[in-house]
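In what follows, a structure is listed as structure tokens, so that the remarks can point back to it.
Numbering (full-length UniProt numbering), first residue to last: 1 to 491.
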């Protein structure tokens, strides 16, 4: 009987040819009727348990079970249904036809021998040793909860995709007892503050400049969640440092520019999110600053919340990523170029850039001296602070859980002779009155790089370098090539 390759069959032509070459009992290639195609059509759509049963019926062994310490292996025979008969095939043909791996075959055989299971059951997702497994009762409860909503028609069903009459359930947040801050509520402000990584200038592409100390520029981002807009506050190390007083001064400038003092009977809340940097955010200075904002009638309630360490990603970090993308492959010659980069970093909602000067930084030490700090208050141990006009107390929590009780601390005046109406103002005393002096070593390093800078950038650094003699400046090789690519060009 001549062999004729079938159009559609249970065994592929390649599998049959491989079997004919490897086995002594070749299989004929012949046409198979539709009734004989049933195993091929049904096997891929079968359940896992049905596939396990099908594989078990086609594998058998007549060898005795070897001892536990024995190296002997059992010989297995494999069969496939062809023409209502089971035909002997090799393991490779069996594995290729059923689209299973060697490890799957080994697991089924091991359970048949060691566990004496005649028809092993598929145990994927049915083990009881997984502690994080979702219980069936929980799954049923979730499904019952979702079915309680009114379904609406799925808009995908209007296309020509084979999705059936699927339905989508619209779940509203109002169903749950979770307070979600509304971005449309003008009487509640949600701010996020974060300090960007320090930027060093000038940036020159040579090994000599790489090992020299650079000039530092600081950028504080205040992201307004109600408008999804970032506000950048820039200053350099000669104007101010980057402690709590500087952060509070930037926030105060933002608040006084955006809000007016409240009228009688109007309420406004403020929520401030930040990381747990003790030197900038998580300290008593910021608590006193918020207390003064409440007293000046800018807000009636202020929540100061800190992110959990290791999970401190804020919207400010997204803004910083846009800035870093603009600064990539750029060589910043001086801090004068940074404001223009910040203004074009976000094309959808442009950043509002404010260049801080020394007249914008205030000293909050008088406020700290006016209010006495509670002796048992550990500011760095708490994640949540709350203050309001209803009391002069500070409420704290060491977590964001609603189940945890508030800890209450009383803040009192240091002297009973002081009048509460005479509390110093936030902008009552400036923090600095002249430019800060750079260290001598940094001035020398910057002075050696001035010859490679344009006139405008060179003038910026010369105003902040106070070295008088040429011996202090050090020697620079005049034959060195200009670091911006144009050799021996006088700028």
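Think of the CB as a built atom: it goes at the ideal place given N, C-alpha and C, for glycine as much as any other residue.
Helix, strand or coil at residue i [DSSP, three-state]
i	result
residue 81	strand
residue 223	strand
residue 216	strand
residue 303	strand
residue 262	coil
residue 112	helix
residue 393	strand
residue 247	helix
residue 208	helix
residue 400	coil
residue 311	coil
residue 183	Its pLDDT being 37, under 50, residue 183 is placed unreliably by the model, and nothing is read from it.
residue 145	helix
residue 460	helix
residue 232	strand
residue 190	strand
residue 320	helix
residue 432	coil
Of the listed residues the options, nearest to residue i (C-alpha basis)
i	options	result
residue 64	401, 114 and 216	114
residue 272	340, 58 and 316	316
residue 301	463, 394 and 435	394
residue 401	412, 98, 120 and 306	306
residue 458	429, 406 and 337	337
residue 75	61, 86 and 67	61
residue 308	347, 275 and 453	275
residue 376	390, 396 and 369	396
residue 107	464, 120 and 57	120
residue 110	135, 96 and 68	68
residue 100	56, 426 and 70	56
residue 295	424, 198 and 188	424
residue 188	91, 207 and 299	299
Same chain, Cβ closer than 6 Å to residue i, five either side skipped, listed in chain order
i	result
residue 94	78
residue 250	220 and 233
residue 445	212 and 213
residue 412	372
residue 409	374, 377 and 394
CB contact below 8 Å: residue i versus chain D
i	result
residue 149	In the displayed structure, chain D is absent; only one protein chain is listed.
Cut-off 8 Å between Cβ atoms - residues of its own chain near residue i, not counting five sequence neighbours on either side
i	result
residue 253	233, 354, 356 and 360
residue 325	345
residue 186	Interpretation of residue 186 is limited by its pLDDT of 45, a score under 50 that renders its predicted location unreliable; the figure taken from the coordinates is listed afterwards. 226.
residue 431	240, 245, 246, 249, 358, 361, 362 and 363
residue 195	218, 219, 220, 221, 242, 247, 277 and 280
residue 66	72, 73 and 74
Check whether residue i and residue j have beta carbons under 8 Å apart
i	j	result
residue 398	residue 382	yes
residue 255	residue 371	no
residue 282	residue 380	yes
residue 449	residue 209	yes
residue 368	residue 313	no
residue 342	residue 297	no
residue 223	residue 197	no
residue 230	residue 319	yes
Nonlocal neighbours in the same chain, by C-beta distance under 7 Å from residue i, ignoring five residues either side
i	result
residue 290	302, 304 and 387
residue 339	234, 353 and 355
residue 470	Residue placement at residue 470 cannot be trusted, given a pLDDT of 48 that sits under 50; what the coordinates show is reported in the next sentence. Counting only Cβ-Cβ distances below 7 Å, and skipping sequence neighbours, we find nothing.
residue 190	181, 225, 226 and 271
How do the region 203-215 and the region 435-452 stand: do at least 3 beta-carbon pairs fall below 8 Å, yes or no? yes
Under 8 Å, with one C-beta from each stretch per pair, do the region 264-283 and the region 363-378 reach the 3-pair mark? no
Three or more C-beta pairs below 8 Å linking the region 333-343 and the region 195-206: yes
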